[in-house]
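Student: Under the UniProt record's numbering, residues 1 to 586 are what the sequence shown spells out, in order. No residue lacks a Cβ here, since even glycine has one placed at the ideal position from N, Cα and C.
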Amino acid sequence: MGIERSVTGKWWRERANDERLATTIAQRFGVPEIVGRVMAARGIDLDDAESFLSPTLRDLMPDPSSLQDMDKAAARIADAIEAGEGIAVFGDYDVDGATSTALLKRFFRAIGVDVPVHIPDRMKEGYGPNAPALLELQRKGAKLILTVDCGVTAYAPLQEARDAGIEIIVVDHHAAEPELPPAVAVVNPNRLDDESGLGHLCAAGVAFLVCVALLRELRNRGWLEKKGVRAPDLRNWLDLVALGTVCDVVPLRGLNRAFVTQGLKVMKHRSNVGMTSLADIAGVNEVPSAYHLGYVLGPRVNAGGRVGESFLGTTLLSGENPAEAQDIARRLDEYNRERKAIEDIVLDQAISAVEGKSKVGSMVLVGGDDWHPGVIGIVASRLKDRYHVPSLVMGKVDGVYKGSARSVRGIDLGDAIIAARQAGLLINGGGHHMAAGFTLDPEKLEAFEAFLEERFAKIIAENDIRPTITVDGALHAKGATLELIDSLEKLGPFGAGNAEPRFAFVDCRAVKADVVGQDHVRCILTGSNGQGRLKAIAFRCLDNDMGQTLIKHGGRPLHVLGHLRRDSWQGRDGVQLIIDDVALPV
1 MGIERSVTGK WWRERANDER LATTIAQRFG VPEIVGRVMA ARGIDLDDAE SFLSPTLRDL
61 MPDPSSLQDM DKAAARIADA IEAGEGIAVF GDYDVDGATS TALLKRFFRA IGVDVPVHIP
121 DRMKEGYGPN APALLELQRK GAKLILTVDC GVTAYAPLQE ARDAGIEIIV VDHHAAEPEL
181 PPAVAVVNPN RLDDESGLGH LCAAGVAFLV CVALLRELRN RGWLEKKGVR APDLRNWLDL
241 VALGTVCDVV PLRGLNRAFV TQGLKVMKHR SNVGMTSLAD IAGVNEVPSA YHLGYVLGPR
301 VNAGGRVGES FLGTTLLSGE NPAEAQDIAR RLDEYNRERK AIEDIVLDQA ISAVEGKSKV
361 GSMVLVGGDD WHPGVIGIVA SRLKDRYHVP SLVMGKVDGV YKGSARSVRG IDLGDAIIAA
421 RQAGLLINGG GHHMAAGFTL DPEKLEAFEA FLEERFAKII AENDIRPTIT VDGALHAKGA
481 TLELIDSLEK LGPFGAGNAE PRFAFVDCRA VKADVVGQDH VRCILTGSNG QGRLKAIAFR
541 CLDNDMGQTL IKHGGRPLHV LGHLRRDSWQ GRDGVQLIID DVALPV
């Protein structure tokens, strides 16, 4: 369609597609032609097609021993279990941290081992292991502590723990440096010397493999039989792994795809009382999908760590008491409402700060002395979506800036933050490709910004990175049918690394458009010839060019781009377009 710049400033680019491969996939695996097209455009070849369509742990599960230090970790934990040594878990307050910690808590409880857990308070302790908390776990009897979803760059706290006689096993997935922290074992597929090929896993996925390896080690030692312990079925906890995987925005390919596919099946059984209570209070009354994990359950689990009580997510997901679970779910739902209100205020101030500058360069960096650290990550994500560049947002805590950052495709944010720390510009920091966190001395703000601006500008120029939105094909309004939805659902679950198919509706007209909620725009689209009617909605767009274009359409032809979703509101079974972008015909 020749769209070089849409109303939101994006280039519409059709996904490259091998027509012959698409046809072969469709014929060989008995799927509709559109499914073959979408798979081929995502680089799925004939060898991978079957596992993509039907991902199973049986086919995709690796040997946990392929990860560096996994056997060492399993052996040391098994030694502690046999000797009756105290074991504890130090987790993180986000969804990945809560799910991976809850998974380990459930595993140890299933084999009769009591394991205390510590989740740091975001405001008082910050991210990652800290010496006072580790020493407190030691005072409670822990000799061996597992850090989960954190620890790979926590050199000083882990050294202090070692000096105090505490042994540490790091279970993490964040970007590592050549030097590893002082620990008995560091299980992290993103270690520079790890050749497992599992760097796409989140912490919950790594923790699941730790459970597999530990269960195998205990079996081999005969400990389960000797103690009369029935081996737990780890598959029953894949709902936790699925939640962590989707919410940590890791690629939904390979093993991750199997984790989420199988985890959603587990969720349907409603066996986790905490997750069930949270789904009920959030109004989930349909078969759970990756969307519900990422946009309904995940934000509520996160809310405790953002603006409330950091331990609530882990407590909810690891608990067994229905009454307690309902109470925690209610509190998390309330915290989520509070989080939204705070987020709206900070976002408005952040946008004003960005647009108060002369121009937006290769990045956005803004901060406020009173910005709540619990929402800066979400605000960074909103700014990234708005300005299409890496976005960093900071709040001041105890005289230093605590920052959270989100990146765009093609720019490795974790590497950049680590490089800035190694250059002496940060007190602390780390992350992965698309997200990172950091601690900054205000006196080094200018140097830090200049360092990243130069680095990102070079990457953008060398790789021609610009705001882009990909298109899987063009459709007519009357072609958006339930049969098409059924076909597309074969490609799920959707998420990072497996984008939900996006279609352009060419020369359509918005015959009706109005505002719903606070700033959403809904409309009815028809084809260029007036045939077909398609419900559509664009979220959070009233104040931007896309929302205004839809509202003030005046019957003009428009190109509208978005995702097709099943509309099951109030028992109906229809089709709705979730609008991502709008362009005027050239």
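Is it the case that the Cβ atoms of VAL364 and ALA353 are separated by a distance below 7 Å?
Tutor: Taking the sequence shown and counting its residues from 1, the one referred to as residue 364 is at position 364. Taking the sequence shown and counting its residues from 1, the one referred to as residue 353 is at position 353. Taking 7 Å as the Cβ cut-off, VAL364 and ALA353 do not qualify as a contacting pair.
Student: Going by the CB atoms, is the gap between ALA175 and HIS432 shorter than 7 Å?
Tutor: Taking the sequence shown and counting its residues from 1, one reaches residue 432 at position 432. Taking the sequence shown and counting its residues from 1, one reaches residue 175 at position 175. A contact, by the Cβ cut-off of 7 Å.
Student: Just confirm the distance between the C-beta atoms of LEU558 and CYS508, as a whole number of angstroms; I'd bet it's less than 8 Å.
Tutor: As a working note, residue 558 is residue 558 in the sequence shown. As a working note, residue 508 is residue 508 in the sequence shown. The pair is a contact, with the Cβ atoms about 6 Å apart (cut-off 8 Å).
Student: Apply the 10 Å Cβ neighbour rule to ARG406 and answer buried if 16 or more other Cβ atoms are within range, or exposed otherwise.
Tutor: For this step, residue 406 is matched to residue 406 along the sequence shown. Per the 10 Å Cβ criterion, buried.
Student: Beta strand (DSSP E) containing PHE90: first to last residue?
Tutor: Your numbering for residue 90 matches position 90 in the sequence shown. Looking at the DSSP string, the run of the beta strand (DSSP E) that includes PHE90 is 86–90.
Student: Report the residue from ALA325, GLU167 and PHE311 whose alpha carbon sits nearest the alpha carbon of ASP79.
Tutor: Numbered from its first residue, the sequence shown carries residue 79 at position 79. Out of ALA325, GLU167 and PHE311, GLU167 has the C-alpha closest to the C-alpha of ASP79.
Student: Would you call the region 215–230 in contact with the region 88–97, where contact means no fewer than 3 C-beta pairs closer than 8 Å?
Tutor: Not touching, per the Cβ criterion.
Student: Drop a sphere of 10 angstroms on the beta-carbon of GLU443, count the other beta-carbons inside from all chains shown, and report buried for 16 or more, exposed for fewer.
Tutor: As a position in the sequence shown, residue 443 is number 443, starting the count at 1. Per the 10 Å Cβ criterion, exposed.
Student: Helix, strand or coil for ILE531? Go by DSSP, reduced to three states.
Tutor: Along the sequence shown, read from residue 1 onward, the residue named residue 531 stands at position 531. First, the residue type needs correcting, since residue 531 is Gln and not Ile in the sequence shown. Coil at GLN531, not helix or strand.
Student: What did DSSP end up calling TYR295 once you bin it into helix, strand or coil?
Tutor: On the sequence shown, residue 295 is found 295 positions in, with the first residue counted as 1. TYR295 falls in the helix class under three-state DSSP.
Student: Note down, one range per segment and in chain order, each alpha helix (DSSP H) of at least 4 residues found wholly within the region 478–539.
Tutor: List check, alpha helix (DSSP H) in window: 482–488.
Student: Where does PRO132 land, buried or exposed, given buried means 16+ other C-beta within 10 angstroms?
Tutor: Start at 1 with the first residue of the sequence shown, and residue 132 comes out as number 132. PRO132 comes out exposed.
Student: Is MET123 helix, strand or coil by DSSP?
Tutor: In the sequence shown, residue 123 corresponds to position 123, counting from 1. Correct three-state label for MET123: coil.
Student: Going by C-alpha distance, which of ALA183, GLY410, GLY254 and GLY530 is nearest SER51?
Tutor: Your numbering for residue 51 matches position 51 in the sequence shown. Ranking the options by Cα distance to SER51, first place goes to GLY254.
Student: Jot down the residue ranges of each uninterrupted alpha helix (DSSP H) in the region 15–99, minimum 4 residues, whole runs only, in chain order.
Tutor: You should have 19–29, 33–41, 46–53, 57–60 and 70–83.
Student: Taking the continuous beta strand (DSSP E) assigned at PHE438, which residues delimit it?
Tutor: Locating residue 438 in the sequence shown gives position 438, where the first residue counts as 1. That run of the beta strand (DSSP E) goes 435–440.
Student: On the premise that ASP581 lies in contact with LEU550, defined as a C-beta separation below 8 Å, what is that separation, rounded to the nearest angstrom?
Tutor: Your numbering for residue 550 matches position 550 in the sequence shown. Your numbering for residue 581 matches position 581 in the sequence shown. Actually they do not touch by this definition, with Cβ atoms about 11 Å apart.
Student: Taking the C-alpha atoms as reference points, what is the distance between ALA461 and ALA420?
Tutor: Residue 461 sits at position 461 when you count from the first residue of the sequence shown. Residue 420 sits at position 420 when you count from the first residue of the sequence shown. One C-alpha to the other measures close to 20 Å.
Student: Tell me the rounded alpha-carbon separation between GLU179 and LEU192.
Tutor: Taking the sequence shown and counting its residues from 1, one reaches residue 179 at position 179. Taking the sequence shown and counting its residues from 1, one reaches residue 192 at position 192. Between GLU179 and LEU192, the C-alpha separation is close to 9 Å.
Student: Please confirm whether SER362 and PRO32 have their CB atoms less than 7 Å apart.
Tutor: In the sequence shown, residue 362 corresponds to position 362, counting from 1. In the sequence shown, residue 32 corresponds to position 32, counting from 1. It is not a contact, given that the beta carbons lie outside the stated cut-off.
Student: Could you tell me how far apart the beta carbons of ALA213 and ALA74 are, in whole angstroms, since I believe they sit closer than 8 Å?
Tutor: Counting from one through the sequence shown, the residue named residue 213 turns up at place 213. Counting from one through the sequence shown, the residue named residue 74 turns up at place 74. Confirmed, Cβ separation roughly 4 Å.
Student: By Cβ distance, which residues of its chain are closer than 7 Å to GLU324, with the 5 residues on each side in sequence left out?
Tutor: Working through the sequence shown from its first residue, we reach residue 324 at position 324. Correct list: empty, nothing qualifies.
Student: Between which two residues does the alpha helix (DSSP H) harbouring GLU136 extend?
Tutor: Reading the sequence shown from its first residue, position 136 is the one you call residue 136. Element bounds for GLU136: 131–139.
Student: Mapping the DSSP letters down to three states, classify VAL113 as helix, strand or coil.
Tutor: The residue you call residue 113 lines up with position 113 of the sequence shown. Coil, per DSSP.
Student: Could I get the ranges of all uninterrupted alpha helix (DSSP H) runs contained in the region 205–291, with 4 residues as the minimum, in chain order?
Tutor: DSSP runs (the alpha helix (DSSP H)) wholly in the region 205–291: 223–227, 238–247, 255–268 and 273–281.
Student: Less than 7 Å between the C-beta atoms of GLN531 and LYS478, yes or no?
Tutor: The residue you call residue 531 lines up with position 531 of the sequence shown. The residue you call residue 478 lines up with position 478 of the sequence shown. Yes.
Student: Should VAL249 be listed as close to the ligand GTP, given that the test is whether its C-beta is under 6 Å from any heavy atom?
Tutor: Among the ligands in the structure shown, none appear at all, so the ligand GTP cannot be discussed.
Student: So the candidates are ASP18, ALA536, GLU19 and ALA26; which of them puts its Cα closest to the Cα of ALA504?
Tutor: Looking up residue 504 in the sequence shown gives position 504. With distances taken between Cα atoms, ALA504 lies closest to ALA536.
Student: Would you tell me roughly how many angstroms separate the C-alpha atoms of LEU584 and SER528, rounded to the nearest one?
Tutor: Your numbering for residue 584 matches position 584 in the sequence shown. Your numbering for residue 528 matches position 528 in the sequence shown. Roughly 14 Å separates the two Cα atoms.
Student: Closest to ARG386 by C-alpha separation, out of HIS372, ASP348, GLY414 and LEU413, would be which residue?
Tutor: Taking the first residue of the sequence shown as 1, we reach residue 386 at position 386. That would be ASP348, whose Cα lies nearest to the Cα of ARG386.
Student: Pairing CB atoms from the region 235–242 with CB atoms from the region 265–278, are three or more of them under 8 Å?
Tutor: Verdict: yes, contact present.
Student: Would you check if the distance between the CB atom of ALA161 and the CB atom of LEU134 is smaller than 7 Å?
Tutor: Within the sequence shown, the letter at position 161 stands for residue 161. Within the sequence shown, the letter at position 134 stands for residue 134. Cβ atoms of ALA161 and LEU134: closer than 7 Å.
Student: Just grab the DSSP bridge partners of HIS118 for me.
Tutor: The residue given as residue 118 occupies position 118 in the sequence shown. HIS118 pairs with PHE90.
Student: What residues are listed by DSSP as bridge partners for HIS559?
Tutor: Taking the first residue of the sequence shown as 1, we reach residue 559 at position 559. Paired residue(s): ALA583.
Student: Could you name the residues of the same chain whose beta carbon sits closer than 6 Å to that of LEU209, not counting the 5 residues immediately before and after it, in chain order?
Tutor: For the purposes of this step, residue 209 is taken as the residue at position 209 of the sequence shown. Taken in chain order, the residues that qualify are PRO64.
Student: Contact between the region 143–157 and the region 124–131: three or more CB pairs below 8 Å?
Tutor: Output reads yes: the region 124–131 touches the region 143–157.
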